[in-house]
Amino acid sequence: MIPKHRIPVTLLTGFLGSGKTTLLNSMLRQPGQPRTLVLINEYGDIPVDNDLVAFSPDDAVVETLTGCLCCAVRGDLAKTLRTAPHRFARDGMPWFDRVVIETTGIADPAPVLATLLDDTVIATQYRLERTIVTVDAVNGLSTLEREPEALRQLAVADQLVLTKVDLAAAADLDALRCRLISINPAPIFSARHGALEEPAWHRLLAPVADMRFQPLKWLSAEGAGQSVRLSPQLPQPHGVQAISFDYDQPVHGPALGRWLDALLDFRGPDLLRIKGLVHLKETGLPMVIHGVQHVFHPPVLLPEWPSEDRRTRMVFITRNLDSVDLRQSLDDFNRQYETGVLA
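Numbering of the sequence shown is given in the numbering used here, commencing with residue 272 and proceeding in unit increments.
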């Protein structure tokens with residue numbers, strides 16, 4: 272059974288104790304939410320979090336995957352997603368309209384994203400709609416300082432939810448917000464007592480018709496602008512930061528492909544995330560590129576420009592890379608292609 276429309280998937284991740292399950296409970300209780308299949312990954316043989324998720328039997332069902340999502344459970348996740356439309360069917364149609372995957376707090380979310388994007392069967396049934404990352408407002412700065420997994424989780428976020436803001440001092444919140452923006456210029460929401468205010472819930476959970484539009488939000492003027500203004504002034508533990516650049520010349524498609532391949536080959540471990548809107552020379556139209564570590568969404572050529580701005584714009588979440596070097600290397604590949612040096 273293949274759904275007529277691909278089912279949207281929300282990936283919910285965040286470090287241990289950051290309030291993922293509490294936020295999930297609040298999310299499921301919001302009025303007008305679609306019927307939801309919740310997949311919870313727990314690191315251990317005895318599931319606990321599934322018993323902590325409160326829901327109406329008519330609105331949601333919970334399944335638990337135990338173990339490490341980067342190991343055997345990744346296969347279990349793929350199997351669960353492939354068979355779920357059959358197992359949860361009513362009148363020949365999938366019972367659920369949305370999937371929420373909650374990862375364990377110590378998980379690198381990249382393998383989950385790879386499952387959703389690389390598995391051809393799953394890609395015909397599901398589409399990744401958003402990645403929500405919870406950040407503990409009280410302990411977030413120290414966690415980012417000492418835990419590489421927290422940085423990886425933050426890097427993949429489309430939306431950030433600051434939890435426990437009712438317990439944090441205003442000055443500490445400001446410092447944490449600045450740190451988060453310097454790493455990932457994604458929209459930030461604040462949760463008090465595990466919940467958001469109604470207008471914020473609406474913005475956080477607003478349907479996204481197509482994943483190709485997510486990078487456009489991420490590359491918005493205020494998001495990229497915050498990254499450029501703030502990151503040079505902030506300390507950068509582990510050297511991870513968001514950097515952005517624009518490029519005025521149209522980019523040849525083959526040059527872009529070779530440039531991205533070279534970045535992955537030589538600096539792959541340092542590239543946690545890439546999003547960009549590229550002015551493609553061959554068509555004059557914008558192409559959306561979007562990658563998480565070694566996993567890239569298929570590039571999407573948009574039918575028209577979303578604004579009057581025709582520049583190539585990119586944002587990277589990276590370790591120890593410089594925007595000047597990135598722009599120069601793209602310029603080198605583009606010029607070499609034009610002169611025939613790059614075949």
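Idealized CB from N, CA, C, for every residue including glycine.
As the structure is a computational prediction, the values presented were derived from the model and not from experiment.
The beta carbon of Glu553 lies closer than 8 Å to those of His523, Gly524 in the same chain, with the five residues before and after it left out.
By the Cβ neighbour-count rule, Glu373 is buried, with 16 or more other Cβ atoms within 10 Å of its own.
Between Leu384 and Val563, the gap from beta carbon to beta carbon is short of 9 Å. Less than 9 Å separates the beta-carbon of Thr434 from that of Thr405.
Looking at the backbone, the Cα of Arg590 and that of Arg584 are separated by about 19 Å. Around the Cβ of Arg358, a 10 Å sphere holds fewer than 16 other Cβ atoms; the residue is exposed. At least 9 Å separates the beta-carbon of Val595 from that of Phe537. DSSP places Lys546 in the strand class (E or B) of the three-state scheme. Of the residues Arg369, Arg544, Pro557, Gly510, the one whose Cα lies closest to the Cα of Tyr518 is Pro557. Taking all protein chains shown into account, Gly528 has fewer than 16 neighbouring C-beta atoms within 10 Å of its C-beta and is therefore exposed. In chain order, Arg590, Asn591 place their CB closer than 7 Å to the CB of Gly510, counting only its own chain and leaving out the 5 sequence neighbours on each side. Thr405 carries a strand assignment under DSSP once its states are collapsed to helix, strand and coil.
The beta carbon of Gln424 lies closer than 7 Å to those of Thr284, Gly285, Phe286, Pro380, Val404 in the same chain, with the five residues before and after it left out. Nearest Cα to Leu601 within the set Trp576, Val549, Ser578: Val549. With a 10 Å radius around the Cβ and a threshold of 16 neighbouring Cβ atoms, Ser578 comes out exposed. A distance below 7 Å between beta-carbons, with the five flanking residues on each side excluded, links Ser297 to the following residues of its chain, in chain order: Gly465, Ala466. Our two residues, Ala457 and Pro540, have alpha carbons roughly 21 Å apart in a direct line.
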